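Chemist: First the structure, then my questions, so here it is.
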Amino acid sequence: MSTWNDVTIRLLGPVALVRGGVPIPIPGQRQRRFLASLVLRAGQVISKEAISDDSWDGEPPLTVSGQLQTSAWMIRRVLEQAGLPRDTLGSHDRGYELRVPPGAIDLTVFRETVREARDLYGRAQHRDASDRLDTALELWQGPALADVTSSRLRLKAEALEEERTGAVELRALIDIGLGRHNEAIARLSELVDRDPFREDLYVSLMKAYYAEGRQVDAIQVFHRAKRLLREQIGINPGARMTKAMQAILSQDDRFMRVG
Numbered sequence: 001m002s003t004w005n006d007v008t009i010r011l012l013g014p015v016a017l018v019r020g021g022v023p024i025p026i027p028g029q030r031q032r033r034f035l036a037s038l039v040l041r042a043g044q045v046i047s048k049e050a051i052s053d054d055s056w057d058g059e060p061p062l063t064v065s066g067q068l069q070t071s072a073w074m075i076r077r078v079l080e081q082a083g084l085p086r087d088t089l090g091s092h093d094r095g096y097e098l099r100v101p102p103g104a105i106d107l108t109v110f111r112e113t114v115r116e117a118r119d120l121y122g123r124a125q126h127r128d129a130s131d132r133l134d135t136a137l138e139l140w141q142g143p144a145l146a147d148v149t150s151s152r153l154r155l156k157a158e159a160l161e162e163e164r165t166g167a168v169e170l171r172a173l174i175d176i177g178l179g180r181h182n183e184a185i186a187r188l189s190e191l192v193d194r195d196p197f198r199e200d201l202y203v204s205l206m207k208a209y210y211a212e213g214r215q216v217d218a219i220q221v222f223h224r225a226k227r228l229l230r231e232q233i234g235i236n237p238g239a240r241m242t243k244a245m246q247a248i249l250s251q252d253d254r255f256m257r258v259g
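Each residue of the sequence shown is one higher than the one before, starting from 1 at the first, in UniProt numbering.
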């Protein structure tokens with residue numbers, strides 16, 4: 001019998017159960033939705049209604065109860081192929097529970113590793129923070145829940161992508177701390193292009209340009225963002241971006257502090 005020591009469930013990319021680095025096929029879209037719904041709340045009893053909502057976007061078929069039972073049976077077979085006991089997927093009167101250690105889920109490991117990196121960055125231990133964050137980002141095998149089509153699960157995947165963006169932004173700030181300003185500018189410019197309405201990304205990009213001694217470019221970032229925000233969604237830059245601009249104009253280096 002295998003243990004979770006060599007088995008991982010992946011959500012950061014296609015949904016996958018992996019043993020010893022080798023993916024074990026999860027048959028069918030319905031089973032991938034079922035498993036994703038459980039893994040996102042591992043260790044909790046998830047109601048059949050919640051799993052149904054995730055699987056059929058709130059419009060379950062008349063045969064929903066039978067289909068959930070079939071999905072549970074098929075997932076148990078996949079778990080057995082990974083050498084795990086059948087009761088890894090527990091059944092309850094009101095739902096199902098996936099019994100899995102946190103370290104066996106790539107999302108949980110990603111979040112914990114990012115937390116460690118952020119703590120190291122806060123203590124100005126930039127090289128260690130860089131190593132930890134690289135480890136976290138390497139867990140991504142593509143877009144979150146890449147092969148799951150449920151609209152509700154896609155919304156959850158978008159939230160996970162926001163976490164990934166935050167980690168890449170942190171990676172850029174660490175680059176600034178290491179004096180790798182051009183690398184930081186490249187990372188942040190790509191993030192801004194993908195998500196042009198996140199003001200924190202503009203603030204970080206302004207920091208990167210300022211750290212490189214390119215004050216004019218930092219100011220241009222502010223005005224470009226201001227124009228976009230006004231034209232596209234009718235708002236002015238928020239307090240954080242405005243304070244960053246004022247600090248750059250007055251060459252106040254406190255602007256570069258962590259946080």
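Glycine is no exception: its CB is placed at the ideal position from the N, C-alpha and C atoms. Predicted, not measured: the structure shown is a model, and the values here were computed from it.
Could you check where the beta strand (DSSP E) with A16 kicks off and where it finishes?
Modeler: Where A16 is concerned, the enclosing beta strand (DSSP E) stretches over A16 to R19.
Chemist: Out of curiosity, what's the CA-to-CA distance linking V45 and R99?
Modeler: Computed Cα separation, rounded: 10 Å.
Chemist: Can the beta-carbon of S130 be found closer than 7 Å to that of E169?
Modeler: Cβ atoms of S130 and E169: not closer than 7 Å.
Chemist: Tell me where the alpha helix (DSSP H) around I26 begins and ends.
Modeler: No alpha helix (DSSP H) holds I26; DSSP gives it neither H nor E.
Chemist: For Q251, count neighbouring Cβ atoms within 10 angstroms of its own Cβ and tell me buried if that reaches 16, exposed if not.
Modeler: Exposed, by the Cβ-count rule.
Chemist: Pull up the DSSP beta-bridge partners for Y96, would you.
Modeler: DSSP, once it has assigned bridges, lists I46 and S91 as partnering Y96.
Chemist: Which value, in whole angstroms, describes the spacing of the CA atoms of residue 261 and W73?
Modeler: Residue 261 cannot be examined here, being either before or after the span of the chain that is shown, 1 to 259.
Chemist: Given this structure, state the Cα-to-Cα distance separating A211 from W56, to the nearest angstrom.
Modeler: Taking the straight line from one Cα to the other gives about 49 Å.
Chemist: Quick one: residues in its chain with C-beta nearer than 8 Å to the C-beta of Q220, no 5 flanking neighbours on either side, listed in chain order?
Modeler: So the list is empty, once near-sequence residues are dropped.
Chemist: Could you compute how far the alpha carbon of L84 sits from the alpha carbon of A104?
Modeler: Distance between the alpha carbons of L84 and A104: 12 Å.
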